[in-house]
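Only one structure is covered here, and it is reproduced in the block below.
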Amino acid sequence: MPNPVGIAVSPTSDLQHELVFLHDLGYDAVEISPDGFDLIFCGRLQYPLVNDVVPVLERHGFRYSVHSPAALDLRDLRDRDLQMQMAESVVEFCRLIHAEVLVLHFEQQSADAAVETAFLDSVRRLADRAQNQRLRIGIENIEVERLAPVLDFVRRVDRPNVGLTFDVGHAFLAARYFGFDYLEAVRAARSPLIHLHVTDNFGRYDPLRLENFTLYRTQRTRDIFPVGRGDLHLPVGWGAIPYEETFAELRGYQGSVITEYRYNLFRAHARGLAEHLRSLVRRLAP
1 MPNPVGIAVS PTSDLQHELV FLHDLGYDAV EISPDGFDLI FCGRLQYPLV NDVVPVLERH
61 GFRYSVHSPA ALDLRDLRDR DLQMQMAESV VEFCRLIHAE VLVLHFEQQS ADAAVETAFL
121 DSVRRLADRA QNQRLRIGIE NIEVERLAPV LDFVRRVDRP NVGLTFDVGH AFLAARYFGF
181 DYLEAVRAAR SPLIHLHVTD NFGRYDPLRL ENFTLYRTQR TRDIFPVGRG DLHLPVGWGA
241 IPYEETFAEL RGYQGSVITE YRYNLFRAHA RGLAEHLRSL VRRLAP
């Protein structure tokens with residue numbers, strides 16, 4: 001059975017039109033971020049808005065995954081109750097749209113053992129709740145951390161419905177910045193892999209990502225595209241990531257492949273880019 005090929009839907013005021021557009025491009029799956037559609041207020045689902053979105057998603061035959069909100073931080077001990085409420089709201093949203101995978105960022109480890117213990121406990125609690133609705137949780141590697149701690153964390157969570165969301169773009173940047181072998185990391189990711197994110201970049205790390213994340217997020221494409229720096233979210237094939245070798249190392253993986261490129265910037269090329277990605281994904285077949 002071929003891998004489902006999907007795309008992260010961009011925030012839009014007309015979700016129905018956007019899903020029709022993505023369906024016409026031939027995508028099988030869609031990843032949605034609840035915060036991108038302002039569905040969570042103070043940790044809780046805002047049901048008048050949720051009730052606008054869910055029926056639209058139900059009308060399409062996509063397989064769904066959910067990306068956790070950018071504000072979700074399960075290492076935040078000062079606001080832990082709110083953070084757990086937010087996480088549980090996201091799990092509930094997954095139930096409402098029959099999502100198969102919930103993506104949670106690993107982010108950067110804390111030097112405080114109590115913080116890391118709390119993070120581990122929170123993910124285990126979420127996994128136990130998610131198990132009741134057959135939802136899997138994919139812990140995503142971020143470029144602010146090496147891959148090895150993420151893999152170790154997935155093992156320590158020790159829940160059958162928790163695995164790795166391997167973000168190829170993040171791994172490529174981290175390998176260049178922290179000095180580990182990228183393809184060795186891809187091979188290490190294969191065993192716990194349950195969900196795959198693909199975009200492209202040039203492997204040029206932006207130190208601002210670690211120094212001032214708030215400022216980092218304000219940068220415009222005109223600031224970063226010309227210098228090719230950071231997590232650019234380019235279409236696969238438009239950067240420097242060796243995707244032929246990457247997919248060769250991941251051959252046999254049977255889950256979804258989700259592209260998170262900034263498709264609204266390149267809509268005129270969207271059909272060709274979707275076809276190119278599908279041709280690459282076919283190489284995952286054993």
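Residues in the sequence shown are numbered from 1 upward in steps of one, following our numbering. By construction, the Cβ of each residue, glycine as well, lies at the ideal position given by its N, Cα and C atoms.
Should residue i go down as buried or exposed, given a rule of 16 or more other Cβ atoms within 10 Å for buried?
i           : result
residue 31  : buried
residue 221 : exposed
residue 16  : exposed
residue 83  : buried
residue 154 : buried
residue 269 : exposed
residue 140 : buried
residue 136 : buried
residue 246 : buried
residue 48  : exposed
Can the beta-carbon of residue i be found closer than 8 Å to that of residue j?
i           : j           : result
residue 69  : residue 37  : no
residue 235 : residue 206 : no
residue 195 : residue 272 : no
residue 260 : residue 8   : yes
residue 174 : residue 211 : no
residue 5   : residue 65  : no
residue 93  : residue 39  : yes
residue 110 : residue 116 : yes
residue 188 : residue 250 : no
Please report how far the alpha carbon of residue i lies from the alpha carbon of residue j, in whole angstroms.
i           : j           : result
residue 224 : residue 230 : 7 Å
residue 252 : residue 29  : 19 Å
residue 183 : residue 89  : 36 Å
residue 266 : residue 238 : 12 Å
residue 214 : residue 286 : 42 Å
residue 76  : residue 197 : 26 Å
residue 204 : residue 233 : 13 Å
residue 145 : residue 85  : 26 Å
residue 355 : residue 152 : The chain is shown from 1 up to 286; residue 355 falls before or after that span and cannot be answered.
residue 160 : residue 2   : 24 Å
residue 171 : residue 179 : 11 Å
residue 55  : residue 181 : 45 Å
residue 112 : residue 51  : 40 Å
residue 158 : residue 192 : 11 Å
Checking the sheet assignment: what are the DSSP bridge partners for residue i?
i           : result
residue 102 : 66 and 137
residue 294 : Summary: the structure shown does not reach residue 294, with the chain confined to residues 1 through 286, and so no result is reported for it.
residue 32  : 66
residue 257 : 5 and 196
residue 41  : 44
residue 262 : None, per the DSSP bridge assignment.
Does chain D have any CB closer than 8 Å to the CB of residue i?
i          : result
residue 59 : The displayed structure is made up of one protein chain only, and chain D is not part of it.
Jot down the residue ranges of each uninterrupted beta strand (DSSP E) in the segment 78-128, minimum 3 residues, whole runs only, in chain order.
-> Runs found: 101-105.
Which whole runs of the alpha helix (DSSP H) in the segment 222-251 are 4 residues long or more, in chain order?
-> Entirely contained in the segment 222-251, the alpha helix (DSSP H) runs reaching 4 residues are, in chain order, 243-249.
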